[in-house]
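*Asks:* Each residue of the sequence shown is one higher than the last, beginning at 747 in the numbering used here.
Where a beta carbon is used, it is the ideal one built from N, C-alpha and C, also for glycine.
Note that this is a predicted model, so its numbers are computed, not measured.
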Amino acid sequence: LDSGLIAVDRPYKVRMLLGGKTFRRRIQEKGIEEGTRILIQNSQARPFPIRLVDRNTELNLGRGEAEKIIVEVIDDEQSES
Numbered sequence: 747l748d749s750g751l752i753a754v755d756r757p758y759k760v761r762m763l764l765g766g767k768t769f770r771r772r773i774q775e776k777g778i779e780e781g782t783r784i785l786i787q788n789s790q791a792r793p794f795p796i797r798l799v800d801r802n803t804e805l806n807l808g809r810g811e812a813e814k815i816i817v818e819v820i821d822d823e824q825s826e827s
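#1: Terminal residues of the continuous alpha helix (DSSP H) containing K759?
#2: Taking the continuous beta strand (DSSP E) assigned at I723, which residues delimit it?
#3: If you draw a straight line from the alpha carbon of M762 to that of E804, how long is it in whole angstroms?
#4: When you compare only the Cα positions, how much space is there between L751 and V819?
#5: Can you tell me whether DSSP reads I820 as helix, strand or coil?
#6: Suppose you measure from the CA of G766 to the CA of A753; what does that come to, to the nearest Å?
#7: Suppose the cutoff is 6 Å on Cβ atoms and the five residues either side in sequence are ignored; what does the same chain contact list for F794 look like?
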């Protein structure tokens, strides 16, 4: 989640989590794992606000956490399923 490369209010899907076991476990406890659909609330704010689409939950991520989450853009058809 590089704030310079993402668009606000566009759906993304988590493709990969980088980092060690502790980071992955902690981020998964927040509800973020591969395949999770997210919306970026504000790409310039810190902490980094995101919304988990399927859970309708809002989270704040630190810069280091956000940098370890690799996402891909999903189109509107995928975001509705």
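*Replies:* The short version:
#1: Residue numbering aside, residue 759 sits at position 13 when the sequence shown is read from its first letter. Under the DSSP assignment, K759 falls outside any alpha helix (DSSP H), being part of the beta strand (DSSP E) whose first and last residues are 757 to 763.
#2: This structure leaves residue 723 out entirely; the chain is present only between 747 and 827.
#3: Residue mapping note: residue 762 aligns to position 16 of the sequence shown, counting from 1. Residue mapping note: residue 804 aligns to position 58 of the sequence shown, counting from 1. Whole-angstrom Cα-Cα distance: 20 Å.
#4: If you number the sequence shown from 1, residue 751 lands on position 5. If you number the sequence shown from 1, residue 819 lands on position 73. Computed Cα separation, rounded: 11 Å.
#5: Indexing the sequence shown from 1 puts residue 820 at position 74. Of the three classes helix, strand and coil, the one that applies to I820 here is coil, per DSSP.
#6: Translated into the one-based positions of the sequence shown, residue 766 becomes position 20. Translated into the one-based positions of the sequence shown, residue 753 becomes position 7. Going by the C-alpha atoms only, they are around 27 Å apart.
#7: Counting from one through the sequence shown, the residue named residue 794 turns up at place 48. Once the five neighbours on either side are set aside, the close Cβ partners of F794 are L807, A812.
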